[in-house]
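Report on the following structure.
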Amino acid sequence: MSIDFVKAGLIIAWTPDRIRIGEIFPLGEELIFGREPSIFPGGPLDDTMISRRHFQLERAEEGTYELVDLHSSNGTSVNGSNVNRAVLKDGHWLRAGDTFMVYRRFPPTLPINQMWGMDSMLPSVGPAFGYVRHLCRELGGSRRPVLVVGPPGAAKRQIAEQIHFKGDPDAPCLSMDGNAPIEQDLVNVLQEARGGTLILRHVDHLSLHAQQILKNAIAVEFDVRMLATANRPVSEIEGDGHLAPELLRHFAQSVIEVPPLNDHIEDMIPWVLHYLRECDEEERTLDPTLINALFTLCWSENYRQLKAIIDVALSEPAARLTLSKNVAKELLGVPSLTLSSQLSQSFKKTAPY
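Here it is in structure tokens:
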């Protein structure tokens, strides 16, 4: 499904007062951002590093916005580079003081002045992953099969689990990996999942024997809802012909396409905070230098890669998760002393201003 994005807004992706994360300010003709102007719904931000009048956004041609730094004390950065002026494009991230914001275009029917869902199993504050959460709610109440496709490490299994829990959370929910030889266990697992859900990860890698077992279960209308995940789009799965066409048609009755983390970077820090809660480390906070480095990276392995970095940071005893030497090695494989030059040379987002 495609979405038309016509409205624009600034999303708070991180600020020292973390309760403000996720607030959205819809953009009009012009605005001035700073400690004094109160543009966000929750009022002025508690960030002493922001200047009284920090930057201005002016509406440019074709509905775009140009950022103009107002000689702020600490400067304004867009996608990791300090700027005096920059034309913003969808997904650009801004830093003013210790506050990070993401510029987004929004669907025309979306009420954007809201929190998306910081406390969800799938935390999101922006439109792309917010739409995925909407589909989970919509599909959760049915028994239809769903195929969740997206890049590796993009939380496809968690999305499938969320679909199950939005339906009957007390029903059994079992998961199997199509990369493994599951033929001997598949019949028993189908029995255990009766009345509930079976999640088949890497469904496009199922052996022919396992595929036949599933076809037999579908033919007799076995009482199990089947959800599947794959790292490839439906067209590629169909093209290689390994997954039986009737199985692909069955699973692809509803398809959720999960965006890579790079395409919804505003959800990165909300996910980190969610992960800290899961690890009973909610009292620990994040240093702005670490946040800046996280925003600057390109996430080829998505949440899996992010989790590995946060795990290294959590292994250190400090109350604040920082860009330490060990974290820098996990980020780049080099000592932290060379981090800033490496980031500026190799890891910046390549989209021009």
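Just so it is clear: in the sequence shown, position 301 is 1195 by the working numbering, and no numbers are missing.
Built from N, CA and C at the ideal position, the CB exists for glycine as well.
Since this is a predicted model, take the numbers as computed values, not measurements.
Annotation for Ser1129: the continuous alpha helix (DSSP H) segment containing it runs 1128–1134. Residue burial is scored here from C-beta neighbours: Leu1184 has at least 16 other C-beta atoms within 10 angstroms and is therefore classed as buried. Apart from sequence neighbours up to five positions away, the residues of its chain that approach Ile1076 with a beta-carbon distance below 7 Å are Met1070, Ala1104, ordered along the chain. Shown here, Glu1210 sits in coil according to DSSP, grouped into three states, outside any helix or strand.
Rounded to whole angstroms, the gap between the alpha carbons of Phe1145 and Thr1123 is 9 Å.
Lys901 sits in a strand when the DSSP states are folded into three classes. Residue pairing for Asp963: DSSP places it in a beta bridge opposite Phe949.
With a contact defined as Cβ atoms closer than 8 Å, Val1042 and Ile1150 qualify at about 5 Å. Here His948 is buried, its C-beta having at least 16 other C-beta atoms within 10 Å. Apart from sequence neighbours up to five positions away, the residues of its chain that approach Gly1089 with a beta-carbon distance below 6 Å are Ala1065, Asp1117, ordered along the chain. Fewer than three beta-carbon pairs drawn from the stretch 1048–1061 and the stretch 1169–1182 are found closer than 8 Å, and the two stretches are therefore not classed as touching.
It is roughly 26 Å from the alpha-carbon of Ala907 to the alpha-carbon of Lys1060.
Excluding its 5 nearest sequence neighbours in each direction, Ser1036 has no C-beta neighbour in its own chain below 7 Å. In this structure, Val972 keeps its C-beta atom at 8 Å or more from the C-beta atom of Leu964. Trp1193: not part of any beta strand (DSSP E); DSSP gives it neither H nor E. Burial state of Ser967 is exposed, judged by a 10 Å Cβ sphere holding fewer than 16 other Cβ atoms. For Cys1067, the uninterrupted beta strand (DSSP E) segment begins and ends at 1067–1071.
Per DSSP, reduced to three states, the secondary structure at Ala954 is coil, with no helix or strand assignment. By the beta-carbon neighbour count (other beta carbons within 10 angstroms, threshold 16), Pro1045 is buried.
Of the residues Gly922, Leu1121, Asp940, the one whose Cα lies closest to the Cα of Ala954 is Gly922. If the five residues before and after His1158 are omitted, its C-beta is found closer than 6 Å to the C-beta atoms of Gly1020, Ala1022, Phe1023, all from its own chain and listed in chain order.
Buried is the label assigned to Pro1017, since at least 16 other Cβ atoms lie within 10 Å of its Cβ. Between the beta-carbon of Glu1160 and that of Ile933 there is about 17 Å, and that puts the pair past the 8 Å contact cut. Cys1067 and Val1083 have their C-alpha atoms spaced approximately 10 Å apart.
Within the stretch 1149–1194, the runs of alpha helix (DSSP H) that reach at least 4 residues and sit entirely inside it are, in chain order, 1162–1172, 1182–1190. Less than 8 Å separates the beta-carbon of Gly974 from that of Thr1190. Under the criterion of beta carbons closer than 8 Å, Glu1175 and Leu1208 qualify as touching, at roughly 6 Å.
Between Gly916 and the set Phe927, Glu1115, Met1162, the nearest pair of CA atoms involves Met1162. One Cα belongs to Asp1181, the other to Ala1187, and the distance between them is close to 10 Å. Pairing Leu1080 with Lys1109 gives a Cβ-Cβ distance that is not under 8 Å.
The beta carbon of Glu1224 lies closer than 7 Å to those of Ala1202, Ile1203, Val1206 in the same chain, with the five residues before and after it left out. In this structure, the beta-carbon distance from Val1040 to Leu1121 falls below 8 Å. In the displayed model, Ala1138 falls within coil according to three-state DSSP, outside both helix and strand. Considering only Arg1178, Trp987, Met995, the residue with the shortest C-alpha distance to Arg1214 is Arg1178.
For Pro1021, the enclosing alpha helix (DSSP H) covers residues 1021–1034.
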